[in-house]
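If you count by full-length UniProt numbering, then the sequence shown holds residues 1 to 220, one letter each, in order.
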Amino acid sequence: FEHKVLDYCFSFVKSDSKLEEAFNVSTSDILHHLGLSSQGKNYRRVGEAFKRLNEQTALYLSFKNQGGKVVLRMAQLFEYIDFVEDGAIHFKFSRPAAPYVFQLRKNFYSFHLSELANVRSKYALTMMKLWNANSNGKLESTSIKGSIADWQSWFLGSNSHGDPIHWQSGRFKQKVLGTAISELGKLYPQTLFTLMTNKQGRAVTGYQLDITNIHTSLKL
């Protein structure tokens, strides 16, 4: 339940939101959004959800300081959550967390946090980001095309020297693309993921991933 409440909080972050911005919502709006009646027990349920979120969203951020030393910063997701007696709720993301929250909304604004929480592999998360970007955030049917270098840069990145990481094409297709497609296929059973390999002779030159929404009344 708290995941749904946090999804709702995240939905307030827009492309023009400021890092220092505070957000306002009413408990009745949350209940209406979640399809719950305005009963006292449901008001308490929302309050308890925020309490758990405040207690269970510790952040551990690793970075290097100006001297080049690794720093582990312990922070919280929320700077504060205010409950007003008339049912209003005011909240603000903490200064350390806000940049990550805003980046999350930018890259994955079509997905709910509850969906992201079920993702187990970093490759599936990267594919969700590509899906989001290539469908203009609408998660409609789309095609993602690229050379083998493009795909490996998207998923593997570069090493500590800034050089692109390269894998043998068969290993990359199985371990990276196969893993991501398998996981997303389970998360989105009404979506068809079709991967095509482009070749020049026997050499793999790139891939095309077609993502197709299946419109059916049958439960898949």
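Idealized CB from N, CA, C, for every residue including glycine. Computed from a prediction, not measured in an experiment: that's the story for all the values here.
Counting along the chain, the unbroken beta strand (DSSP E) around S26 starts and ends at F23 to S26.
Put simply, the backbone Cα of S28 is about 24 angstroms away from that of T57.
Counting of Cβ neighbours within 10 angstroms places L19 among the exposed residues, the total staying below 16.
Runs of the alpha helix (DSSP H) lying entirely within the UniProt domain "Initiator Rep protein WH1" (2–131) and spanning at least 4 residues, in chain order: 2–10, 27–33, 40–56, 98–108 and 113–116.
By the CB criterion at 9 angstroms, L31 and N42 fall inside the cutoff. Proximity to H33 across L61, E48, F1 and D16 peaks at F1, based on C-alpha coordinates. At a Cβ-Cβ threshold of 9 angstroms, Y123 and V176 count as neighbours.
DSSP places K186 inside the alpha helix (DSSP H), whose first and last residues are G178 to L187. Inter-residue distance for G35 and S141 is about 29 angstroms (C-alpha atoms, whole angstroms). Scanning its chain for C-beta atoms nearer than 6 angstroms, with the 5 sequence neighbours on each side dropped, one finds around K145 the residues Q208, in chain order. The alpha carbon of L125 has as its nearest neighbour, out of L184, Y100 and W151, the alpha carbon of L184.
Each residue's CA atom was taken as its position, placing N159 and I165 some 6 angstroms apart.
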